[in-house]
Amino acid sequence: MQTTRMNRTIALTLVGTLMTLMTWAQGDKANRPSPPATASGKVGGANITVNYSSPSVKGRNVWDPSGSLAPYGKVWRAGANEATTFETDKDIKVEGKTLPAGKYGFFAIPGDKEWTIIFNKEPNQWGAFKYDQSKDVLRVTTKPMKASQMNEKLAYDVTGKGVVLKWENVEVPVMIQ
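All letters in the sequence shown, in the order written, are residues -25 to -1, 1 to 152 by mature numbering (1 follows the signal peptide of the UniProt record, and there is no 0).
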């Protein structure tokens, strides 16, 4: 009888500990160093939503060609943590090329004079570690511009003309019709 009680107590303690650990492991995304953010709006007749995590510059050289934040010439998750996602409820034209309605992984290949913007079939991935080019739905190029002001935190704006990525001293417009 006493052994049964002890086993029950041990089992309940283990269950409680496991539940506490599982809750703690989920963490509060809002308290991450790069908290989640959303930009949404209408472009033409389409509803556009960009979900991303917003890293800060924190005195670092974001665009360093040999750096680890968003180096030139390498696929970047266009944010932090999980890959950035781009969703449209209608077919749209991005930089003149058709993108069907849907939810996509949104990646970029930064460059000093030109950026490649990538819409990938896999929206649910961590970073760009398992990025698979064969799953790209669309790639377009656009020209970066010098930002009118320093942007400490990465931000996206959905405007009447498209989406603009803003971070550090760079703005990258992506035209949508």
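We put the beta carbon where it would ideally sit given N, CA and C, even for glycine.
Would residue i be called buried (16 or more neighbouring beta carbons within 10 Å of its own) or exposed?
{"i": "K65", "result": "exposed"}
{"i": "P40", "result": "exposed"}
{"i": "Q96", "result": "A quick correction: the sequence has Lys, not Gln, at residue 96. Label assigned to K96: exposed."}
{"i": "E89", "result": "exposed"}
{"i": "A53", "result": "buried"}
{"i": "W101", "result": "exposed"}
{"i": "P148", "result": "buried"}
{"i": "T(-22)", "result": "exposed"}
{"i": "T60", "result": "buried"}
{"i": "P75", "result": "exposed"}
{"i": "T63", "result": "buried"}
Can you tell me whether DSSP reads residue i as helix, strand or coil?
{"i": "K110", "result": "helix"}
{"i": "Q124", "result": "strand"}
{"i": "A(-1)", "result": "With a pLDDT of 45 at A(-1), under the threshold of 50, the predicted position of this residue should be treated as unreliable, and no value is reported."}
May I ask which residues mark the beginning and end of the beta strand (DSSP E) holding residue i?
{"i": "E146", "result": "137 to 150"}
{"i": "A45", "result": "Here A45 belongs to no beta strand (DSSP E), and DSSP marks it neither H nor E."}
{"i": "N95", "result": "90 to 95"}
{"i": "T77", "result": "The amino acid occupying residue 77 in the given sequence is Gly; Thr does not appear at that position. From DSSP, the beta strand (DSSP E) with G77 extends over 77 to 84."}
{"i": "K105", "result": "No beta strand (DSSP E) contains K105, which DSSP labels as neither H nor E."}
{"i": "K118", "result": "Where K118 is concerned, there is no enclosing beta strand (DSSP E), given that its DSSP letter is neither H nor E."}
{"i": "K72", "result": "72 to 74"}
Shorter than 7 Å from the beta carbon of residue i to some beta carbon of chain B?
{"i": "L74", "result": "Among the chains in the structure shown there is no chain B, since it carries only a single protein chain."}
Which residue's Cα is closest to the Cα of residue i: the options?
{"i": "K68", "options": "W90, I23, R(-18)", "result": "I23"}
{"i": "L140", "options": "N99, A83, R114", "result": "A83"}
{"i": "T116", "options": "A130, W142, D107, M150", "result": "M150"}
{"i": "G20", "options": "R52, K110, G135", "result": "G135"}
{"i": "N26", "options": "K128, E57, I92", "result": "E57"}
{"i": "P8", "options": "N144, K128, P148", "result": "K128"}
{"i": "V133", "options": "P10, V18, M120", "result": "V18"}
{"i": "K49", "options": "Y131, M125, A103", "result": "A103"}
{"i": "K78", "options": "V112, M125, S28", "result": "V112"}
{"i": "A14", "options": "G137, W142, Y131", "result": "Y131"}
Tell me, which residues are paired with residue i by DSSP?
{"i": "K17", "result": "N22"}
{"i": "W51", "result": "A83"}
{"i": "D66", "result": "For D66, which the question treats as bridged, DSSP gives no partner whatsoever."}
{"i": "S31", "result": "K128"}
{"i": "Y11", "result": "Reading the sequence as shown, one finds Pro at residue 11 and not Tyr. DSSP lists S28 as partners of P11."}
{"i": "V133", "result": "V138"}
{"i": "T(-22)", "result": "None; T(-22) has no bridge partner."}
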